[in-house]
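To start, the structure under review is shown below, and the notes come after it.
Numbering (this note's numbering), first residue to last: -9 to 146.
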């Protein structure tokens, strides 16, 4: 389901899109929504997902939308409701996640991947209240410039 009807710069892609297994595993739907852009995925608790339509109610949602709007031409931004897709979310973790600590089980959490190789992703290892707009922006910049490398993941 598309979260926002707002578009940027005359484009038809939404600023932040709900990502579901059906959309992700349908190449036609996925490419139509995201093209060949890298994809930022925010994995959010169900209560946060419910606030996606009303950005002002949740500071994380507002920060995600501002960041997504500013990076619209460089990447696609989406979110996954952890409460609806817990098994799918469990694969959105680094390989051997047990060696990484508790952050992989805390939400909201962010990763960035490329469609052509979704067996690798870059993970922002900051969650919850520490997941600020500036942390998101630094992460995105680092991944897009190659300063932050992709690593193997369980499987998106």
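Don't be surprised by glycine CBs; every beta carbon is placed ideally from N, CA and C.
Residue 209, buried or exposed, once every other Cβ within 10 Å from all chains shown has been counted against 16
There is no way to answer for residue 209, as the model of the chain reaches only from -9 to 146.
May I have the straight-line CA-CA distance separating residue 105 from residue 8, to the nearest angstrom?
Near 16 Å, if we compare the C-alpha coordinates of residue 8 and residue 105.
Using DSSP with H/G/I as helix, E/B as strand and the rest coil, what is residue 154?
Given that the chain is displayed from residue -9 to residue 146, the structure contains no residue 154 and the question cannot be resolved.
Do residue 33 and residue 129 have their beta-carbon atoms positioned less than 8 Å apart in this structure?
No, they are not a contact pair.
Closest to residue 54 by C-alpha separation, out of 133, 71, 124, 132, would be which residue?
Answer by Cα proximity: 124.
Close-in-space but distant-in-sequence residues of the same chain around residue 78 (CB under 6 Å, 5 per side omitted)
Counting only Cβ-Cβ distances below 6 Å, and skipping sequence neighbours, we find 11.
Measuring CA to CA, which of 57, 109, 137 is closest to residue 126?
Closest option to residue 126, Cα to Cα, is 57.
Report buried or exposed for residue 28, applying the criterion of at least 16 other Cβ atoms within 10 angstroms of its Cβ.
Residue 28 should be labelled buried.
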